[in-house]
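Trainee: 27 is the number of the first residue of the sequence shown in the working numbering; add one for each residue after it.
Before I ask anything, let me first share the structure, which is written out below as structure tokens.
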Amino acid sequence: MARFVVSFRLPDAFDEDFIVLIPRHRAFINRLIEDSIIEANAISADRSRGWVTMNGQHTAAIKSIIEQFPLYHFLREVEIDELFIYDSTSGRFPRISLN
Numbered sequence: 027m028a029r030f031v032v033s034f035r036l037p038d039a040f041d042e043d044f045i046v047l048i049p050r051h052r053a054f055i056n057r058l059i060e061d062s063i064i065e066a067n068a069i070s071a072d073r074s075r076g077w078v079t080m081n082g083q084h085t086a087a088i089k090s091i092i093e094q095f096p097l098y099h100f101l102r103e104v105e106i107d108e109l110f111i112y113d114s115t116s117g118r119f120p121r122i123s124l125n
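Structure (structure tokens):
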């Protein structure tokens, strides 16, 4: 299975239509994390950009999932890139503490 990073821009202002979808969007993201489809989900501190690291067979499969995001219609400049290398602390053994 391949790993992808999805990057996108969020709207400049969050209107009521956007805000009302946030709980449904978070629930959807959490389910995908539990199913190991999403590895990481991040939004910039200024809430202008986002990144999602995902597992899937190919770009079309990832695109299909992204299009199901409740906030999808608000996302701009969505880009999907297949990763060659993805290192993180989550895939390593925990540090041993002798305390």
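For every residue, glycine included, the Cβ atom is placed at its ideal position computed from N, Cα and C.
Treat the numbers as computed from the prediction; the structure is a model and nothing was measured.
How many Å lie between residue 122 and residue 116 at the Cα?
Mentor: In the sequence shown, the residue the question calls residue 122 occupies position 96. In the sequence shown, the residue the question calls residue 116 occupies position 90. Residue 122 and residue 116 have their C-alpha atoms roughly 15 Å apart.
Trainee: Could you give the DSSP three-state label for residue 50: helix, strand or coil?
Mentor: Here the question's residue 50 lines up with position 24 in the sequence shown. Looking at residue 50 - three-state DSSP - the assignment turns out to be helix.
Trainee: Suppose you measure from the CA of residue 89 to the CA of residue 66; what does that come to, to the nearest Å?
Mentor: Reading the sequence shown from its first residue, position 63 is the one you call residue 89. Reading the sequence shown from its first residue, position 40 is the one you call residue 66. Each residue's Cα considered, the two are about 16 Å apart.
Trainee: With residue 34 and residue 102 assumed to form a contact (beta carbons below 8 Å), what rounded beta-carbon distance in angstroms separates them?
Mentor: In the sequence shown, counting from the first residue as 1, residue 34 sits at position 8. In the sequence shown, counting from the first residue as 1, residue 102 sits at position 76. Separation of the CB atoms of residue 34 and residue 102 is rounded to 7 Å, and the pair is thereby assigned contact status at 8 Å.
Trainee: So, for residue 91: in the same chain, excluding its five sequence neighbours on each side, which residues have a beta-carbon less than 8 Å away from its beta-carbon?
Mentor: Looking up residue 91 in the sequence shown gives position 65. Excluding residues within five positions, the ones whose Cβ falls inside 8 Å are 58, 63, 80, 82.
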